[in-house]
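Asks: Okay, so the sequence shown: first residue is 49 according to the working numbering, each after it adds one.
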Amino acid sequence: MITPDDKNWTWVLERPCTDCGFVAGEFEVTRTGEVVRDLGQRWMKVLGRVDVSQRPSPSVWSPLEYGCHVRDVFRIFDRRLALMIEQVDPRFENWDQDKTAIDDDYQSQSSSVVADELLCA
49 MITPDDKNWT
59 WVLERPCTDC
69 GFVAGEFEVT
79 RTGEVVRDLG
89 QRWMKVLGRV
99 DVSQRPSPSV
109 WSPLEYGCHV
119 RDVFRIFDRR
129 LALMIEQVDP
139 RFENWDQDKT
149 AIDDDYQSQS
159 SSVVADELLC
169 A
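(1) From E141 to C168, what does the alpha carbon distance come to, in whole angstroms?
(2) On a Cα-Cα basis, can you pick out the residue from D144, E74, F75 and A72 that is closest to D54?
(3) Spatial neighbours of L95 within its chain, please: C-beta separation below 8 Å, excluding the five flanking residues on both sides.
(4) Return the CA-CA distance between D67 and A130, expressed in angstroms with no decimal places.
(5) Can you tell which of R85, G69, R139 and E134 has the C-alpha that lies nearest to the C-alpha of R119?
(6) Name the two residues that bound the continuous alpha helix (DSSP H) containing R103.
(7) Would you kindly check if the distance between the Cβ of I150 and the Cβ of W109 is under 8 Å?
(8) Could you check how far apart the C-beta atoms of V60 and F75 are, in whole angstroms? I think they sit under 8 Å.
(9) Given a threshold of 16 other Cβ atoms within 10 Å of its Cβ, counted over all protein chains shown, does F122 qualify as buried or as exposed?
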């Protein structure tokens, strides 16, 4: 079973992420579209792997589950960006990534469908 993540992820704005190496302070905002498109292509390769649904350990998501998570993050960001464009002081709904992973059964999703959805997100 995956232990629910209870981190306050805003800390990645102040220091590098130890999980993925992202350094927010060094990210060029003007490259966001390019980086997101590149990530979509990179995830296509990951989601095409034979071992895509295998967890490296019982407490770590499989590449498929991470792919579902990235797809959903892209969708959330798209909704939030639309709200920022449409509203003066938008309120963002809370998103429980762990609940979503369970409710949407990330582990059982089709990797080819997830790959297509990720590219469209």
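All C-beta atoms in this analysis are idealised placements derived from N, C-alpha and C, irrespective of residue type, glycine included.
These numbers come from a predicted model, not from an experiment.
Replies: In terms of the structure at hand:
(1) 22 Å
(2) D144
(3) P111, L112, G115, S159, S160, V162, A163 and L166
(4) 29 Å
(5) R85
(6) Segment: none, R103 is in no alpha helix (DSSP H) and carries neither H nor E.
(7) no
(8) Actually they do not touch by this definition, with Cβ atoms about 10 Å apart.
(9) buried
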